[in-house]
Amino acid sequence: MPIYEISCDDCGFSGEIIIVNSGDALVCPQCNSKNTARLMSPTSSLTGKTVPSVPGPGDTSCCGSSPSQAGCAGPGSCCGKNI
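Residue numbers (my numbering): 7 to 89.
Below, the structure is given as structure tokens:
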């Protein structure tokens with residue numbers, strides 16, 4: 007069952023609705039109007055490739071050292087150099 011995000015031109019409703027068949031009309035759940043428009047939905051953060059939030063073994067900082075090496079404080083730190 008597809009989920010659609012709609013807006014109703016008659017009552018101003020804006021939200022998601024579940025449609026049993028993709029060919030069915032998009033009906034407003036508040037006023038039962040068919041005077042609706044399908045909206046673009048934002049992408050889910052739960053789909054697609056995930057980006058690690060911590061440095062991995064192959065990551066390097068701006069000085070080229072690995073964040074796990076002594077003297078390197080982590081990504082973006084420039085290994086403690088004051089710039």
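All residues carry an ideal CB built from backbone N, CA and C; glycine is no exception.
| Item | Value |
| --- | --- |
| Among S39, C34, M46, which one has its Cα closest to the Cα of I24? | C34 |
| Cutting at 8 Å between CB atoms, please list the residues of its own chain near D92, excluding the five before and the five after it. | Absent from the model: residue 92. The displayed extent of the chain is 7 to 89, so no value can be given. |
| Secondary structure at S20, three-state DSSP: helix, strand or coil? | strand |
| Rounded to the nearest angstrom, what separates A31 and R44 at their Cα positions? | 11 Å |
| Helix, strand or coil, according to DSSP, for S13 in the structure here? | strand |
| Looking only at its chain, what residues have a beta carbon closer than 6 Å to the beta carbon of C14, apart from the 5 residues adjacent to it on each side? | C34, S39, T42 |
| Give the DSSP-derived three-state secondary structure of A31 in the structure shown. | coil |
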